[in-house]
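*Asks:*
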Amino acid sequence: MPPKGLHPELERRVALLEKPENQGEDYDATAWIILIGLGAVLPIIALMLGR
Numbered sequence: 004m005p006p007k008g009l010h011p012e013l014e015r016r017v018a019l020l021e022k023p024e025n026q027g028e029d030y031d032a033t034a035w036i037i038l039i040g041l042g043a044v045l046p047i048i049a050l051m052l053g054r
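Okay, here's the thing in structure tokens:
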């Protein structure tokens, strides 16, 4: 029968990640431009050039 709950080290790590100060920051404008460029615009350009 498997043990109940998580391993103590895993519980400690999960607790650290759940704290708001360890969550990281939101994306800034530059990151959004890069994400949109690489995720939408670049594939469209590649499709147009591939004709």
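Per the numbering used here, residue 4 is the first one in the sequence shown, and the count goes up by one each step.
The beta-carbon is built from N, C-alpha and C at its ideal position, and this holds for glycine as well.
Predicted model, so just to flag it, every value in this text is computed and none were measured.
(1) Alpha carbon to alpha carbon, how far is H10 from R16?
(2) Have a look at T33 and A43 and give me their C-alpha separation to the nearest angstrom.
(3) Going by DSSP, what residue range makes up the alpha helix (DSSP H) through L13?
*Replies:* For this structure:
(1) As a working mapping, residue 10 is identified with position 7 in the sequence shown. As a working mapping, residue 16 is identified with position 13 in the sequence shown. So the two alpha carbons sit approximately 10 Å from each other.
(2) Here the question's residue 33 lines up with position 30 in the sequence shown. Here the question's residue 43 lines up with position 40 in the sequence shown. Computed Cα separation, rounded: 15 Å.
(3) The residue you call residue 13 lines up with position 10 of the sequence shown. L13 -> alpha helix (DSSP H) spans P11 to E21.
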